[in-house]
Amino acid sequence: MTAEARDASVHDTIPKLLLRNAKIRGARPAMREKDLGIWQTWSWADTLTEIRDLALGLRAMGLKRGDRVAIVGDNRPRLYWAICSAQSLGAIPVPVYQDSVAEEMGYVLDHAGVKFAVVENQEQVDKLLEIRETYTDLKEIVFDEERGLQNYDIEGVRSYEAVQQLGRDSGENEDIWRSEIAKGKAEDTAIILYTSGTTGRPKGVVLTQGACVWAADTAQDFDNLTEVEEVIAYLPMAWVGDHVFSYAQSYVSGYCVNCPESPETIIVDRREVGTTYAFAPPRIYENLITQTTVAMEDASAIKKKMFEYFLGVAREYGEDILNGKSVPLMARLKYWLGNFMVYGPLKNRYGLSKVRIGYTAGEAIGPEIFKYYRALGINLKQLYGQTEAAVYITGQPDGEIYADTVGTPMGGVEIKIADSGEVMYRSPGIFTEYYKNKEATRDTKTADGWVHSGDAGFIDDNGHLKIIDRAKDVGHLNDGTLFPPKYIENKLKFFPNIKEAVAFGDGRDSVTAFINIDLTSVGSWAERNNVVYASYQELAGHADVYKMIEEHVDEVNRELSQEERVAGAQISRFLILHKELDPDDGEITRTAKVRRSLVNERYAVLIDALYDPARKRQKIKTEVTFEDGRRGVIEGDVEIRDMKLHVIDRASFKEAAE
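Everything in the sequence shown is counted per my numbering, starting at 17 for the first residue and increasing by one.
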């Protein structure tokens, strides 16, 4: 354990760590925000002042220990400070996904019993005012950006600056605030984070201060994090990954968190701050590859050949060079030249040139995608975590990194595999309960502290954990062939032209799939090939697009045919959906996880058609939510494409086993 980590074990709450940081590293940067192209910096001493003034203002407004405070908006310093301000008074922050529709947001606020809300802008204020008409517990709304709100003369709605000024004018001094912080204990509730709700209503995961500090402490020890790290905060604040990486860990390690100007400028902003410690779900890394693929399609023939050649060099030698292994001199020279001409510019384009440690988590990442980044010399690693674990369950130690595992147990974590094949874990970071849901808590956490992960997996010969799929999703075809839908879907999503996929097959004779095309990638292809289209639906149904996707599905089938356990799970038929799966329509979560039960119900007519060999097309009407919140219906006439399956060489499997 590092000296910093030992210190953190004494400072057992985030607000206490704030006081420590302001004392020992007061002049060092704590947060930055880019606004109108200019970065503004706040030191740890500045941060303490901002948080103190807001906390005293909220206290003057009546915020009490145990009250719940909603936090809604994009990643902004003031919203992170609001979390700490609430915690310093013993109140409980409840971050909410900023793109939630009013109905979703209303459920969380109602369930959590929220009385106060700190939000980013007018959009969130309007949403909360709509909610407040039927939900009367919400008393006070505090907004950050005043644009569009200057003429809002509404009781219980006030600006962030006004609340801070109230704190400065309240007559209460800093000693009172510090005494409130001193009352805090490790076992106090630090935050309630609502799960993505893939199987129903979101559940409120209650995490203690001790759990959050332990998680940050463990990460610091595992990766030797220091105060000089640079992190960019861009993931939803309601997601546990952002809460730990962009909040708790910064208070433990003392590093600087940078808030981008907008979601559209993240890559540029990441490049400008020189991110050293990066965290992203697989879809972010997939999108970067898609952008590269699209760009290379427009490149000259010479650039394409150079890219392909040096990418081949990277695939052959990049991993060994990254791990410090012995590599022939000529190969090292080729890689050095490739880094100068291809890998370096690519990493700079991604904003990952200075990354010392990169993580992917939240969903399984395709092995090909994972290997691609490591081949470029980016130290990308996998970790396995859950909201209920304050993120950390397993991680990949340097020098022990494999594309098909998620690493070994983090410090203080115990893992066991239940007889059913489900992964179970126990650690100092596990959740206290699901808020107001004793039944779900009992079903998930045993009396002696073991948590059911809901994931099927096993420990390999190297002591590394391998995750197969969600335990409830893993099934079998009628002939007994293993059917791991997520494994198949991830193979499909490796192709930049495929944004999302949903596989079916449990209890069936064969595997079929829905495909969502990636509009950026396929749209670029359409432009280059003079394919005219007016909508996603028109492009998705184009004959040449079907041919392209058919080739991708065929490649996935070829790969599956060479893997003994899933060789019989090749995709026999597929269709390209007439609309994108959308969180506003409830089909995927705000963290882009497919809600399988809802998809099965909503698109039952298409699933039935996939399993009827006589049907080559199927008409469907689907309810949708438009960007302005209006609801409507779109109609589709979807083509169903049959696939020729690859021959399975059972003899080769037998020889390999022998």
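We put the beta carbon where it would ideally sit given N, CA and C, even for glycine.
Buried/exposed call for residue i, threshold 16 Cβ in 10 Å
i: M47; result: buried
i: L52; result: exposed
i: F132; result: buried
i: I283; result: buried
i: L481; result: buried
i: Q578; result: exposed
i: N532; result: buried
i: V518; result: buried
i: L125; result: buried
i: Q56; result: exposed
i: G200; result: buried
i: R184; result: exposed
i: L576; result: buried
i: V663; result: exposed
CA-to-CA distance, residue j to residue i, given in whole angstroms
i: M564; j: G428; result: 48 Å
i: Q265; j: D233; result: 7 Å
i: V467; j: I305; result: 35 Å
i: G227; j: I207; result: The question names Gly, but residue 227 is Ala in the sequence shown. Whole-angstrom Cα-Cα distance: 10 Å.
i: E596; j: Y210; result: 24 Å
i: L362; j: V329; result: 15 Å
i: I291; j: P599; result: Looking at the sequence shown, residue 291 is not Ile but Thr. Computed Cα separation, rounded: 29 Å.
i: G73; j: Q166; result: 20 Å
i: L626; j: I300; result: 31 Å
i: R524; j: Q225; result: 47 Å
i: P276; j: S262; result: 13 Å
i: N616; j: K432; result: 32 Å
i: A542; j: H558; result: 10 Å
i: F474; j: R486; result: 13 Å
i: G652; j: G164; result: 39 Å
i: P629; j: E438; result: 36 Å
i: R372; j: A380; result: 22 Å
i: G378; j: P297; result: 6 Å
Top-ranked residue by Cα proximity to residue i, from the options
i: T205; options: Y451, G360 and W58; result: Y451
i: D665; options: V179, L626, E580 and R646; result: E580
i: W97; options: K80, S668, V141 and Y176; result: Y176
i: R390; options: L338, E404, G382 and T421; result: L338
i: D601; options: K387, L614 and N91; result: L614
i: C272; options: E246, P344 and A43; result: E246
i: E404; options: D624, V221, E161 and E617; result: V221
i: P31; options: Y151, M346 and R194; result: R194
i: Y325; options: E313, T309, M346 and K350; result: K350
i: L396; options: D570, K370 and P111; result: K370
i: V173; options: K199, N137, G187 and T150; result: N137
i: E162; options: I147, Q140 and I650; result: Q140
i: T448; options: T457, G360 and A178; result: T457
i: G465; options: A419, I446, H662 and N91; result: I446
i: P252; options: S278, F238, V490 and N240; result: S278
i: A472; options: L508, K488, W255 and T281; result: K488
i: R92; options: V135, L70, H127 and A71; result: V135
i: R611; options: P218, I504 and E455; result: P218
i: S537; options: A102, V256, D90 and V310; result: V310
i: A71; options: H568, K50, W60 and C100; result: C100
Residue i - containing beta strand (DSSP E), residue span
i: F159; result: E156 to F159
i: R657; result: R647 to D658
i: E639; result: R633 to T641
i: N274; result: C272 to C275
i: V467; result: V467 to I475
i: S175; result: V173 to S175
i: G220; result: G220 to T224
i: Q402; result: L396 to Q402
i: Q56; result: I54 to S59
i: V141; result: Where V141 is concerned, there is no enclosing beta strand (DSSP E), although the alpha helix (DSSP H) it sits in stretches over Q138 to R148.
i: P45; result: P45 to D51
i: M440; result: E438 to R442
Contact test: residue i Cβ vs the ligand HEM heavy atom, cutoff 7 Å
i: I192; result: The ligand HEM is absent from the structure shown, which contains no ligands of any kind.
Segment limits, alpha helix (DSSP H) that includes residue i
i: M121; result: A118 to A128
i: R94; result: P93 to S104
i: P501; result: P501 to K509
i: N364; result: G360 to Y366
Could you say if the segment 112-124 and the segment 64-82 meet the contact criterion of at least three C-beta pairs nearer than 8 Å? no
Evaluate the contact criterion for the segment 619-638 versus the segment 374-391: three or more CB pairs, one atom per stretch, below 8 Å. no
Examine the Cβ distances between the segment 35-50 and the segment 63-71 and report whether three or more of them are shorter than 8 Å. yes
Tell me, please, whether the segment 85-103 touches the segment 155-163 by the rule of three or more beta-carbon pairs shorter than 8 Å. yes
Would the segment 423-443 count as touching the segment 475-494 if we require 3 or more Cβ pairs under 8 Å? yes
Specify whether the segment 407-415 and the segment 434-445 touch according to this definition: at least 3 beta carbon pairs, one from each stretch, less than 8 Å apart. yes
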